[in-house]
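Participant: Can you read through this structure? Questions will come right after.
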Amino acid sequence: MDNESQSNTLRADMSPHNQQKMLRNLKHQIDTLSQFIVRLSKFYDGFNPLLDKELHALRSYLLGKMNFAMAEVSISKLTGLLIENADYSKQQNAKIHGLLESATTQLQRNAALPKALRDETQQFLQTLQQSHASIYSSFPYFEQALSLYQRALQNSSAPATEPTLNDAEENFHQQLVWELRDLVIQLSSASKEKELQEIRQRLEQGLTHNQLLECCLLLVRALSKEVLKDRKQAERFIASLHNTLGNVSQAVGRSLKDSQSAYQLKVQHNQQLRQQLQGIELAVDDAQDIALLKQQASEYLSKMASTLDSRERADKDEQLALMNLLREMKDQLSALEKEASEYKQKLLQQKYHSHHDPLTQIPNRYAYNDRVELEYRRWRRYGTDLSMALVDVDYFKSINDRYGHAGGDKTLQVIAQNISKCLRTTDFLARWGGEEFVILFPQTAVSELDNVLEKIRLQIEKIPFKFKEQAVTITVSIGAAGFNREDDVETVFERADRALYEAKNQGRNRYVINKGS
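Numbering of the sequence shown is given in the UniProt record's numbering, commencing with residue 1 and proceeding in unit increments.
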């Protein structure tokens with residue numbers, strides 16, 4: 001390289017444009033990494049108030065005017081919070097808590113329980129309804145529920161034959177069987193536990209009252225196993241997140257140290273270049289002999305070329321180290337993102353299963369509770385019309401008795417599909433339990449229900465059911481009511497329920513609308 005080329009290279013490398021370009025590249029890489037950490041942090045929004053606060057602080061340090069020192073402090077705090085909250089799972093808590101409350105309610109309604117045991121069950125139910133404990137602190141409630149069921153089982157134990165149940169007890173017994181079957185089907189969709197399959201088979205074969213209580217105990221134990229499995233999976237994910245965040249924190253620290261060292265080295269190189277340029281200027285000013293001047297200029301240019309080579313090597317080493325660091329962090333974060341995506345997908349599946357009836361694939365009672373609360377708030381706020389209807393399959397018990405549970409299941413599936421065809425997209429259909437469905441009609445006055453209820457009744461009546469090559473006509477009875485003035489959800493439901501029983505008493509296969517207040 002001749003002296004003129006070296007000078008041109010020096011001026012090009014020292015140009016503000018190239019320096020700004022290098023700074024922009026480094027800033028872009030840091031911004032990309034910071035944005036990824038910010039997006040990753042949003043995955044845990046809502047997990048815990050303290051965690052939310054610290055995640056918000058971390059995002060503020062990584063967005064806008066970045067503060068890596070404070071970000072490192074924030075990551076350290078987050079690590080501690082993640083360890084502290086490794087067993088936190090709000091959705092699973094609500095699901096299991098609801099199932100435990102439902103099972104206790106069924107036990108408390110058992111008329112055969114002694115008064116002392118019934119009172120104790122009622123007291124436990126009140127405590128349970130007021131409790132909002134985490135999943136893992138709920139284990140004492142499971143133990144207490146098991147104890148109540150065991151004592152109820154011991155109390156109801158009889159000699160070889162059980163007394164004949166009256167109509168009310170038989171209805172309760174059958175309702176409990178249906179509730180347990182639905183619960184087992186729901187759990188079986190997410191679990192392959194052999195114990196659940198055995199419980200389902202026993203329920204479908206028919207059980208005595210004592211055997212039914214035994215199934216309740218087995219189901220509570222199965223629920224406990226599912227809770228422990230979910231806990232272990234959550235702990236594994238939290239540990240993985242903790243390790244990855246720790247690695248990211250260390251990588252950011254190394255990157256800061258390397259950047260500081262690289263900056264100091266560049267300052268040193270620039271200082272050397274300035275000194276060498278000053279040397280050339282002095283040599284030119286003091287030159288008396290052109291040959292001596294050339295020799296001095298060549299020496300200075302050689303030193304400058306060496307300095308530029310050192311600077312270029314340092315820049316390459318810095319860029320290579322930064323690229324390796326970013327690649328390593330990208331691999332770790334990609335693996336974490338994949339695991340987080342799988343965990344999120346599992347949570348979505350669990351939410352779907354917990355809010356949909358596994359038999360009919362329509363929303364269940366839990367989903368209804370959420371939706372009716374939403375529609376009720378809208379009704380109170382905007383004053384728009386809102387109505388409700390209950391649909392009950394006529395003589396459903398005889399269908400089960402004659403054609404078995406498989407025939408009953410198929411009947412409910414077909415009826416749910418056909419009711420859905422009669423509704424608008426804004427209407428809401430859910431399975432209330434057993435052979436009963438509930439429908440919400442937003443922005444629909446009770447005076448506007450006749451057409452849709454008659455359409456549902458006719459649609460079901462026309463279904464060409466066939467069991468064992470025998471044509472069977474199945475009908476439904478419907479009771480409806482609208483929301484008036486200071487109504488709450490329970491009062492409207494009770495009016496719709498009274499209308500349903502009135503339709504039954506009038507001969508079934510009809511609808512009755514309660515238009516009173």
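Even for Gly, the Cβ is constructed at its ideal location relative to N, Cα and C.
All values reported here derive from a predicted model rather than from experimental measurement.
Could you name the residues of the same chain whose beta carbon sits closer than 7 Å to that of A499, not counting the 5 residues immediately before and after it, in chain order?
Facilitator: Looking up residue 499 in the sequence shown gives position 499. Here the set comprises G479, A480, A481, V512, I513, N514.
Participant: Within this structure, are the beta carbons of D357 and R431 separated by less than 8 Å?
Facilitator: Position 357 of the sequence shown, counted from the start, is the residue given in the question as residue 357. Position 431 of the sequence shown, counted from the start, is the residue given in the question as residue 431. Yes, the Cβ-Cβ distance between D357 and R431 is below 8 Å.
Participant: At the level of alpha carbons, what is the spacing between Q76 and S60?
Facilitator: Stepping through the sequence shown from its first residue, residue 76 is reached at position 76. Stepping through the sequence shown from its first residue, residue 60 is reached at position 60. In the sequence under discussion, the amino acid at residue 76 is Ser, which differs from the Gln named in the question. Looking at the two C-alpha atoms, the distance is approximately 15 Å.
Participant: Per DSSP, which residues does D392 bridge with? Please list them.
Facilitator: Here residue 392 is taken as the residue at index 392 of the sequence shown, counted from 1. Note: D392 sits in a beta bridge opposite E436, S477.
Participant: Would V476 and I460 be called neighbours here (beta carbons separated by less than 8 Å)?
Facilitator: In the sequence shown, the residue the question calls residue 476 occupies position 476. In the sequence shown, the residue the question calls residue 460 occupies position 460. Cβ distance < 8 Å, so V476 and I460 count as in contact.
Participant: Can you tell which of D370, H209, L217, Q345 has the C-alpha that lies nearest to the C-alpha of H355?
Facilitator: Indexing the sequence shown from 1 puts residue 355 at position 355. Nearest of D370, H209, L217, Q345 to H355, Cα basis: D370.
Participant: If L412 and T360 are in contact, beta carbons under 8 Å, what's the gap, nearest whole angstrom?
Facilitator: Start at 1 with the first residue of the sequence shown, and residue 412 comes out as number 412. Start at 1 with the first residue of the sequence shown, and residue 360 comes out as number 360. Going by Cβ atoms, the distance from L412 to T360 rounds to 6 Å, so yes, they are a contact pair.
Participant: With a threshold of 8 Å, are at least 3 pairs of Cβ atoms found where one atom belongs to the region 371-391 and the other to the region 441-451?
Facilitator: With the cut-off at 8 Å, the region 371-391 and the region 441-451 touch.
Participant: Which term fits Q329, buried or exposed, when burial requires 16 or more other beta carbons within 10 angstroms of its beta carbon?
Facilitator: The count along the sequence shown starts at 1 and reaches residue 329 at position 329. Gln is not the amino acid found at residue 329; the sequence shown has Met there. When all chains shown are included, M329 counts as buried.
Participant: Look at the alpha carbon of E299 and the alpha carbon of L55, and state the distance between them as a whole number of angstroms.
Facilitator: To locate residue 299, count along the sequence shown from 1; it is residue 299. To locate residue 55, count along the sequence shown from 1; it is residue 55. The alpha-carbon atoms of E299 and L55 are separated by roughly 57 Å.
Participant: Could you spell out where the beta strand (DSSP E) holding Q459 opens and where it closes?
Facilitator: Stepping through the sequence shown from its first residue, residue 459 is reached at position 459. Unbroken run through Q459 is the alpha helix (DSSP H), 450-461; no beta strand (DSSP E).
Participant: Using a Cβ-Cβ cut-off of 8 Å (strictly less than) and excluding sequence neighbours within five positions of L180, which residues of its own chain qualify?
Facilitator: Mapped onto the sequence shown, residue 180 falls at position 180. If we look at L180 and ignore the five residues flanking it on each side, its Cβ neighbours are I199, L203, L212, C215, C216, L219.
Participant: Just reading off the beta strand (DSSP E) that V472 is part of, what are its end residues?
Facilitator: As a position in the sequence shown, residue 472 is number 472, starting the count at 1. Start and end: 470-472.
Participant: Given L78, which residues of its chain have a CB within under 6 Å of its CB, disregarding the five upstream and five downstream residues?
Facilitator: Here residue 78 refers to the residue found at position 78 when the sequence shown is read from its first residue. Correct list, in chain order: E54.
Participant: Looking only at C-alpha atoms, which of Q319, N210, A305 sits nearest to S261?
Facilitator: Looking up residue 261 in the sequence shown gives position 261. Of Q319, N210, A305, the residue nearest in Cα terms is Q319.
Participant: Can you tell me whether K65 is helix, strand or coil according to DSSP?
Facilitator: On the sequence shown, residue 65 is found 65 positions in, with the first residue counted as 1. If DSSP states are grouped into helix, strand and coil, K65 belongs with coil.
Participant: Throw me the rounded Cβ distance for the L33 and L326 pair, which I believe falls under 8 Å.
Facilitator: Sequence index remark: in the sequence shown, residue 33 carries index 33 (1-based). Sequence index remark: in the sequence shown, residue 326 carries index 326 (1-based). That pair is a contact at about 7 Å.
Participant: Counting only the same chain and skipping the five closest in sequence on each side, list residues whose C-beta sits under 6 Å from that of R495.
Facilitator: As a first step, residue 495 is located in the sequence shown; it is residue number 495 there, counting from the start. Cβ within range, chain order: A481, N514.
Participant: Assuming E454 and D392 form a contact by the criterion Cβ under 8 Å, report the distance between their Cβ atoms to the nearest whole angstrom.
Facilitator: Taking the first residue of the sequence shown as 1, we reach residue 454 at position 454. Taking the first residue of the sequence shown as 1, we reach residue 392 at position 392. E454 to D392, Cβ: 16 Å. No contact.
Participant: G516 by DSSP, collapsed to three states: which one?
Facilitator: By one-based count along the sequence shown, residue 516 stands at place 516. Reduced to three states, the DSSP call for G516 is coil.
Participant: Answer yes or no: do I439 and D427 have a C-beta to C-beta separation smaller than 8 Å?
Facilitator: Against the sequence shown, residue 439 aligns to sequence position 439. Against the sequence shown, residue 427 aligns to sequence position 427. Yes.
Participant: What do you reckon, are the CB atoms on L62 and I37 nearer than 8 Å?
Facilitator: To locate residue 62, count along the sequence shown from 1; it is residue 62. To locate residue 37, count along the sequence shown from 1; it is residue 37. Their beta carbons are under 8 Å apart, which means L62 touches I37 by this criterion.
Participant: To the nearest whole angstrom, what separates the beta carbons of W379 and F483, a pair I think is in contact under 8 Å?
Facilitator: Position 379 of the sequence shown, counted from the start, is the residue given in the question as residue 379. Position 483 of the sequence shown, counted from the start, is the residue given in the question as residue 483. Yes, W379 and F483 are in contact; Cβ-Cβ is about 6 Å, under 8 Å.
Participant: Measuring straight from C-alpha to C-alpha, what distance separates D394 and Y352?
Facilitator: For the purposes of this step, residue 394 is taken as the residue at position 394 of the sequence shown. For the purposes of this step, residue 352 is taken as the residue at position 352 of the sequence shown. Rounded to whole angstroms, D394 to Y352 spans 29 Å at the Cα level.
Participant: From what residue to what residue does the alpha helix (DSSP H) around F493 run?
Facilitator: Position 493 of the sequence shown, counted from the start, is the residue given in the question as residue 493. Element bounds for F493: 489-505.
Participant: Considering Cα atoms alone, identify which of N509, R485, R510 is closest to G516.
Facilitator: Position 516 of the sequence shown holds residue 516. Among N509, R485, R510, the Cα nearest to that of G516 is on R485.
Participant: Could you spell out the range, first to last residue, of the alpha helix (DSSP H) harbouring E486?
Facilitator: In the sequence shown, the residue the question calls residue 486 occupies position 486. Neither: E486 is in no alpha helix (DSSP H) and is coded neither H nor E.
Participant: Among the residues of its own chain, which have a CB less than 8 Å from the CB of S306, if the five just before and after it don't count?
Facilitator: In the sequence shown, residue 306 corresponds to position 306, counting from 1. Closer than 8 Å at the Cβ level, and outside the excluded window around S306, lies no residue.
Participant: Look at the alpha carbon of I419 and the alpha carbon of D450, and state the distance between them as a whole number of angstroms.
Facilitator: Locating residue 419 in the sequence shown gives position 419, counting from the first residue. Locating residue 450 in the sequence shown gives position 450, counting from the first residue. I419 and D450: Cα-Cα distance of roughly 15 Å.
Participant: For A69 and S341, I'd like the C-alpha separation in whole angstroms.
Facilitator: Here residue 69 refers to the residue found at position 69 when the sequence shown is read from its first residue. Here residue 341 refers to the residue found at position 341 when the sequence shown is read from its first residue. Between A69 and S341, the C-alpha separation is close to 30 Å.
Participant: Less than 8 Å between the beta carbons of A145 and A103, yes or no?
Facilitator: Here residue 145 is taken as the residue at index 145 of the sequence shown, counted from 1. Here residue 103 is taken as the residue at index 103 of the sequence shown, counted from 1. Yes, Cβ-Cβ distance for A145 and A103 is below 8 Å.
Participant: For the alpha helix (DSSP H) containing N369, list its first residue and its last residue.
Facilitator: Working through the sequence shown from its first residue, we reach residue 369 at position 369. 365-382 is the span of the alpha helix (DSSP H), which, as asked, contains N369.
Participant: Could you name the residues of the same chain whose beta carbon sits closer than 8 Å to that of A471, not counting the 5 residues immediately before and after it, in chain order?
Facilitator: Taking the sequence shown and counting its residues from 1, the one referred to as residue 471 is at position 471. P464, F465.
Participant: Counting C-beta neighbours from all protein chains within 10 Å, is the total for E469 16 or more, i.e. buried, or is it exposed?
Facilitator: As a working mapping, residue 469 is identified with position 469 in the sequence shown. By the 10 Å Cβ count, E469 comes out exposed.
Participant: Name the DSSP beta bridge partners of P442, please?
Facilitator: As a position in the sequence shown, residue 442 is number 442, starting the count at 1. BP columns for P442 point to L386.
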